[in-house]
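Right, one structure below, let's go through it.
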């Protein structure tokens with residue numbers, strides 16, 4: 002960047018010094034009829050022209066000015082130059098006389114005005130030359146700079162030889178001028194960048210080309226040797242005068258050719274614009290396929306690009322939801338017309354077994370009279386993913402305009418992109434839903450974990466073991482211990498129906514209820530009854546809860562419990578297994594008096610080494626790959642075989658048997674196991 006700035010500054014300095022030098026030469030030696038002075042003036046003027054050319058080209062490159070804008074700029078500069086000539090001709094007669102008769106030191110003001118005049122035309126010529134150079138090299142598949150370089154060489158030779166040999170023989174300069182014009186004609190042919198303009202831009206270029214050609218011809222007319230304009234430039238630099246005329250000739254030829262080229266391009270401009278729109282739209286849509294898009298945004302994109310790709314007046318697309326078709330998005334069509342056309346296309350058999358885009362004419366259709374607008378031709382293309390039909394993309398034209406086969410091909414390709422994009426959108430939504438569900442499950446698991454006891458109570462009368470294995474899908478298993486009352490130990494184990502975070506919230510509520518009731522009530526039956534009454538205010542029957550509440554009197558060795566729809570309690574005594582399943586409905590299934598009537602409390606007097614086992618249905622309903630339950634019989638058999646072992650070892654053996662049985666199958670329900678062993682005689 003620093004080198005570029007330094008490069009620009011050096012050329013700007015060169016341009017300023019060239020102007021000053023030229024001013025001094027004309028002021029002190031302008032009146033002398035010397036070849037050396039004339040050549041020196043030409044060389045300094047050419048150096049000024051070169052410096053301005055480099056500066057202007059650098060500015061155009063840096064700002065990336067469009068071809069149309071450059072054409073407007075050329076027309077503007079020609080207009081300014083023409084106005085300058087017209088105004089200067091009113092008061093330049095006196096200055097012209099001084100220039101022709103020889104300029105003295107005392108004509109400082111007139112020389113200064115002349116230098117400014119020269120600079121204006123030098124800048125204009127440099128700008129036009131740079132623009133013509135940009136046009137020459139733009140969009141060429143085979144760029145050959147030789148012809149343009151030859152044009153520059155012969156143009157400079159024509160200017161210099163005119164200064165050197167004008168008094169002797171002008172034919173040398175004319176010969177170089179003729180060669181330069183031939184090269185101009187050669188360089189003006191094969192204008193390729195027009196093809197990349199839109200129809201609207203081509204109309205603008207047609208107008209501006211005509212304007213530039215007319216202005217350039219007027220300037221050439223003012224360049225004859227008899228005009229004040231020509232005499233002024235010749236007085237300061239004969240070489241620059243010849244070069245400026247050559248630039249004007251180049252402009253007339255180039256923009257004249259451009260004018261006719263644009264005229265020939267206009268008939269095909271609309272078709273080209275449509276093809277360009279198709280390519281850009283398909284490119285845009287292909288890049289959108291893999292982007293994360295909201296479905297509504299994607300629907301808008303599909304509809305808008307369908308209209309652009311086909312050059313249609315209206316567009317929309319429908320998707321199938323189960324067996325019905327629903328319009329997702331539409332452009333430039335009323336709901337009434339949309340419904341009429343959809344009914345005609347989708348219910349008349351027009352689209353039956355449609356595998357690719359199809360043109361449908363409605364000019365002679367019965368629905369034509371029912372439409373509020375004059376739709377005439379329709380393209381309908383299926384949206385398929387693999388072999389499944391997802392819906393249709395539809396485009397319509399009005400006022401008798403019809404679609405052609407090339408538009409059918411474009412819509413066909415576009416519908417394939419749209420199908421992929423819609424499927425990606427669906428998969429993305431599923432992925433987001435899955436991620437949201439996983440986060441929800443993480444919250445529920447964390448909640449469930451925090452609601453369960455961190456450690457088991459340490460009692461000399463009891464050995465206590467608890468096992469909780471959460472499922473992949475969070476369930477509502479819970480348990481808790483209460484050892485706050487003297488000589489009394491209570492516990493609860495339960496299972497909330499349902500899964501996910503809702504079950505975890507219900508579990509938290511139920512756990513809190515038992516926490517409160519344990520402090521004010523003593524009977525297991527009474528606690529379950531009261532809990533059911535409280536839940537009547539908040540729970541629906543679909544959120545029922547199975548629970549078992551038990552209490553051990555540590556002094557009397559007496560165990561009392563009641564169950565509300567929970568799996569039975571198991572007692573191991575003297576290597577025999579007893580199952581206790583007293584009556585009781587699950588909590589929140591019944592809020593009438595029948596709940597209490599069907600609730601039974603059981604009392605067991607404990608003996609030394611009596612073992613009590615409580616569990617949730619996740620134990621017996623654990624499934625293997627054949628969808629077979631672990632079952633109560635396998636559970637009891639495992640208990641019987643390992644009943645003599647320590648409670649922790651017994652729990653370990655039970656869980657091990659379940660793991661072997663399920664054989665790494667997915668665990669869909671929590672597994673909760675409580676084992677209590679009485680130590681006192």
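Residue numbers (the numbering used here): 2 to 682. Even glycine gets a Cβ: it sits at the ideal position worked out from N, Cα and C.
{"Query": "Delimiting residues of the alpha helix (DSSP H) encompassing residue 530", "Result": "525 to 536"}
{"Query": "Among 312, 416, 511, 653, nearest to residue 403 - alpha-carbon criterion", "Result": "312"}
{"Query": "Beta-carbon gap between residue 565 and residue 586 smaller than 8 Å", "Result": "yes"}
{"Query": "Residue 582 (DSSP reduced to helix, strand or coil)", "Result": "coil"}
{"Query": "Helix, strand or coil at residue 329 [DSSP, three-state]", "Result": "strand"}
{"Query": "Residue 88 classed as buried or exposed, judged by whether at least 16 other C-beta atoms fall within 10 angstroms", "Result": "exposed"}
{"Query": "Backbone CA spacing between residue 422 and residue 303 [nearest angstrom]", "Result": "9 Å"}
{"Query": "Proximity winner among 682, 307, 452, relative to residue 463 (alpha-carbon distances)", "Result": "682"}
{"Query": "Sheet register partners of residue 611 (DSSP bridge)", "Result": "Answer by DSSP bridge pairing: none, since residue 611 is not bridged."}
{"Query": "Under the three-state DSSP convention, the category residue 375 falls into", "Result": "coil"}
{"Query": "Where the alpha helix (DSSP H) containing residue 185 begins and where it ends", "Result": "172 to 189"}
{"Query": "Limits of the beta strand (DSSP E) - the one that residue 570 falls within", "Result": "570 to 574"}
{"Query": "Validate contact between the region 424 to 432 and the region 368 to 380 using beta carbons, cut 8 Å, 3 pairs", "Result": "no"}
{"Query": "Cβ pair count under 8 Å reaching 3, the region 634 to 642 against the region 581 to 600", "Result": "no"}
{"Query": "Distance, residue 640 Cα to residue 654 Cα", "Result": "8 Å"}
{"Query": "Own chain residues within Cβ distance below 7 Å of residue 386, not counting five before or after", "Result": "420, 424"}
{"Query": "Same chain, Cβ closer than 6 Å to residue 478, neighbours up to 5 away in sequence not counted", "Result": "496, 617, 671, 673"}
{"Query": "Boundaries (first-last residue) of the alpha helix (DSSP H) holding residue 761", "Result": "The displayed coordinates of the chain run from 2 to 682. Any statement about residue 761 would go beyond what the structure contains."}
{"Query": "Boundaries (first-last residue) of the alpha helix (DSSP H) holding residue 491", "Result": "Taken as a continuous stretch (DSSP letters only), residue 491 belongs to no alpha helix (DSSP H), being part of the beta strand (DSSP E) at 489 to 497."}
{"Query": "Contacts around residue 539, its chain only, beta-carbon distance under 8 Å, and the 5 residues preceding and following it disregarded", "Result": "510"}
{"Query": "Start-to-end residues for the alpha helix (DSSP H) that takes in residue 231", "Result": "229 to 237"}
{"Query": "Alpha carbon of residue 676 to alpha carbon of residue 435, nearest angstrom", "Result": "37 Å"}
{"Query": "Alpha-carbon to alpha-carbon, residue 572 and residue 627", "Result": "31 Å"}
{"Query": "Cβ-based burial, residue 533 [other Cβ within 10 Å; buried from 16]", "Result": "buried"}
{"Query": "Local conformation of residue 359 per DSSP, three classes", "Result": "strand"}
{"Query": "For residue 679: DSSP bridge partner residues", "Result": "463"}
{"Query": "Contacts around residue 488, its chain only, beta-carbon distance under 7 Å, and the 5 residues preceding and following it disregarded", "Result": "554, 555, 556"}
{"Query": "Helix, strand or coil at residue 302 [DSSP, three-state]", "Result": "helix"}
{"Query": "DSSP three-state assignment for residue 468, whether helix, strand or coil", "Result": "strand"}
{"Query": "Same chain only: Cβ atoms within 6 Å of residue 48, ignoring 5 sequence neighbours per side", "Result": "19"}
{"Query": "For residue 397 and residue 376, believed in contact at Cβ under 8 Å, the rounded distance", "Result": "5 Å"}
{"Query": "Integer Cβ distance of residue 494 from residue 480, believed to fall under 8 Å", "Result": "4 Å"}
{"Query": "Pairwise C-alpha distance: residue 120 and residue 16", "Result": "10 Å"}
{"Query": "Straight-line gap, residue 217 to residue 74 (C-alpha atoms, nearest Å)", "Result": "13 Å"}
{"Query": "Paired residues, beta bridge with residue 72 - DSSP", "Result": "None, per the DSSP bridge assignment."}
{"Query": "Stretch pair the region 243 to 259 + the region 177 to 196: three plus CB contacts closer than 8 Å", "Result": "yes"}
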